[in-house]
Amino acid sequence: TLRQVAQDPPDTTDMNANPTRHDEGFTLIELLIVIVILGLLATVVVFAVGGISDRGTVSAAAGDERTLVTAQESHLAQFGSYAASETDLVTAGLLRDESEIHDMTVASDGSSYTIIASGSGSPATTIPPATTVPPATTIPPAGPVAASYAGHSGQAIGSGSMTLVIIGTGNGASAALFANLQATPLTDTQVIWLNSGDITETDDVDAVIAASPTYMVAAQSVSIINSTTLSSTFVGQYMRTVLSSPSDFWWTHGQGRIPTVAELQSHLP
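Going left to right, the sequence shown walks through residues 292 to 560 as the numbering used here numbers them.
Right under this line is the structure:
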């Protein structure tokens, strides 16, 4: 009798339906490359940050040195010598705190000082001895001197090729103008003051005009007698009738006020 052996039917399932998965990681070489790249980046960052830090340190040191120099120069201006120490600068109110990054030594006579970075061999900054500048000698304007103009006695201030004649009284606006011109002299101009007591007639005014002054100023209150009609008038009013142009003189009645020094200067050639 033949025995039949049962056999399992062949597996016709597609072997590609569930392929076997093989997960693979980074190789050692790839890891080494990544580590090297990260190391390079870290080095670049360290050097970059270090450079910024170095610049900040240098800038802070320079600013601190400038602060010390400013404080010492202020002390010299106020007291005539440099402070003996940073403590003295703080006491004088010229420095808020003593420097922690600089040391300062001062000459025994207070004429110079040296600044050096604390605890380092950095080159010292030496400030040369201060030069004492003597105070300027102020020469006061020369006072009025006696003068004669067109046969009349008066006073004069200043000198130059031009002449300004003021006919006024010993007080009021005209006197104030003469004082201003003494304090602020006109350029290249001699100022002649003729008092109202010396100019009493129109003939006196004619003599002054004939002397050819560059410019004239008349106070409004200076009254005179017309030599021809014997009537009363004023110096400024009379000059209006005999001078060719009102720009040849300033009458404080006509203009309403005394001229300023700048206005007088502008009228002179």
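Backbone N, C-alpha and C fix where the C-beta goes; we use that ideal spot for every residue, glycine too.
key: Inside the region 345-406 only - beta strand (DSSP E) runs reaching at least 3 residues   = 393-397
task = Have a look at residue 471 and residue 448 and give me their C-alpha separation to the nearest angstrom.
result = What you label residue 471 is simply residue 180 of the sequence shown in a count that begins at 1. What you label residue 448 is simply residue 157 of the sequence shown in a count that begins at 1. Taking the straight line from one Cα to the other gives about 11 Å.
ask   = From this set, 548, 538, 545, which residue's C-alpha is nearest residue 559's C-alpha?
value = Looking up residue 559 in the sequence shown gives position 268. Taking only the C-alpha atoms, the option nearest residue 559 is 538.
request  = May I ask which residues mark the beginning and end of the beta strand (DSSP E) holding residue 458?
outcome  = Residue mapping note: residue 458 aligns to position 167 of the sequence shown, counting from 1. Segment 453-459, the beta strand (DSSP E) holding residue 458.
ask   = Considering only residues of the same chain and omitting the five flanking positions on each side of residue 482, which have a CB-CB separation below 6 Å?
value = For the purposes of this step, residue 482 is taken as residue 191 along the sequence shown, with counting starting at 1. The residues are 448, 449, 455, 472.
message = Using the three-state DSSP reduction, which class does residue 579 fall into: helix, strand or coil?
response = Any answer about residue 579 is impossible in this case: the structure gives the chain only from 292 up to 560.
ask   = Between the Cα of residue 407 and the Cα atoms of 543, 356, 336, 440, which residue gives the shortest distance?
value = Walking along the sequence shown from the start, residue 407 turns up at place 116. Selected option, being the one with the closest Cα: 356.
request  = Determine the contact status of residue 485 and residue 458, defining contact as a CB-CB distance below 8 Å.
outcome  = Position 194 of the sequence shown, counted from the first residue, corresponds to residue 485. Position 167 of the sequence shown, counted from the first residue, corresponds to residue 458. Yes, Cβ-Cβ distance for residue 485 and residue 458 is below 8 Å.
message = Taking the straight line between their C-alpha atoms, what separation do you get for residue 322 and residue 330?
response = As a working mapping, residue 322 is identified with position 31 in the sequence shown. As a working mapping, residue 330 is identified with position 39 in the sequence shown. For residue 322 and residue 330, the distance between alpha carbons rounds to 12 Å.
message = Alpha carbons only, please: which of 381, 550, 526, 366 is nearest the one belonging to residue 566?
response = Nothing about residue 566 can be read from this structure; the chain reaches only from 292 to 560.
message = Taking 7 Å as the limit between beta carbons, can you name the residues of its chain near residue 292, skipping five residues before and five after?
response = As a working note, residue 292 is residue 1 in the sequence shown. Bear in mind that the predicted position of residue 292 carries a pLDDT of just 44, short of 50, making it unreliable; the figure below should be weighed with that in mind. For residue 292, where only same-chain residues beyond five positions count, there are no Cβ hits under 7 Å.
task = Determine the direct distance from the alpha carbon of residue 550 to that of residue 544, and round the result to whole angstroms.
result = Residue mapping note: residue 544 aligns to position 253 of the sequence shown, counting from 1. Residue mapping note: residue 550 aligns to position 259 of the sequence shown, counting from 1. Using only the alpha carbons, I get a separation of about 11 Å.
Alpha-carbon spacing of residue 496 relative to residue 435, whole angstroms = Position 205 of the sequence shown holds residue 496. Position 144 of the sequence shown holds residue 435. Looking at the two C-alpha atoms, the distance is approximately 22 Å.
Close-in-space but distant-in-sequence residues of the same chain around residue 404 (CB under 7 Å, 5 per side omitted) = As a position in the sequence shown, residue 404 is number 113, starting the count at 1. Same-chain partners within the cutoff: 363, 373, 395, 396, 397, 398, 418.
request  = Could you tell me the boundaries of the alpha helix (DSSP H) in which residue 558 lies?
outcome  = Looking up residue 558 in the sequence shown gives position 267. From DSSP, the alpha helix (DSSP H) with residue 558 extends over 552-558.
query = residue 468 by DSSP, collapsed to three states: which one?
reply = Counting from 1 along the sequence shown, the entry for residue 468 is found at position 177. Note: residue 468 maps to helix in three-state DSSP.
key: Residue environment, residue 391, which counts as buried when at least 16 other CB atoms sit within 10 Å   = Sequence index remark: in the sequence shown, residue 391 carries index 100 (1-based). Under this definition residue 391 is an exposed residue.
message = My parser needs the alpha helix (DSSP H) runs of 4 or more residues fully inside the region 470-557; what are they?
response = 493-501, 526-533
ask   = Roughly how many angstroms lie between the CA atoms of residue 498 and residue 520, to the nearest whole one?
value = In the sequence shown, residue 498 corresponds to position 207, counting from 1. In the sequence shown, residue 520 corresponds to position 229, counting from 1. Near 18 Å, if we compare the C-alpha coordinates of residue 520 and residue 498.
query = If we ignore side chains and look at the alpha-carbon of each, how far apart do residue 424 and residue 371 end up?
reply = Residue numbering aside, residue 424 sits at position 133 when the sequence shown is read from its first letter. Residue numbering aside, residue 371 sits at position 80 when the sequence shown is read from its first letter. For residue 424, the predicted model reports a pLDDT of 48, less than 50, meaning its position is unreliable and no value from the coordinates is stated.
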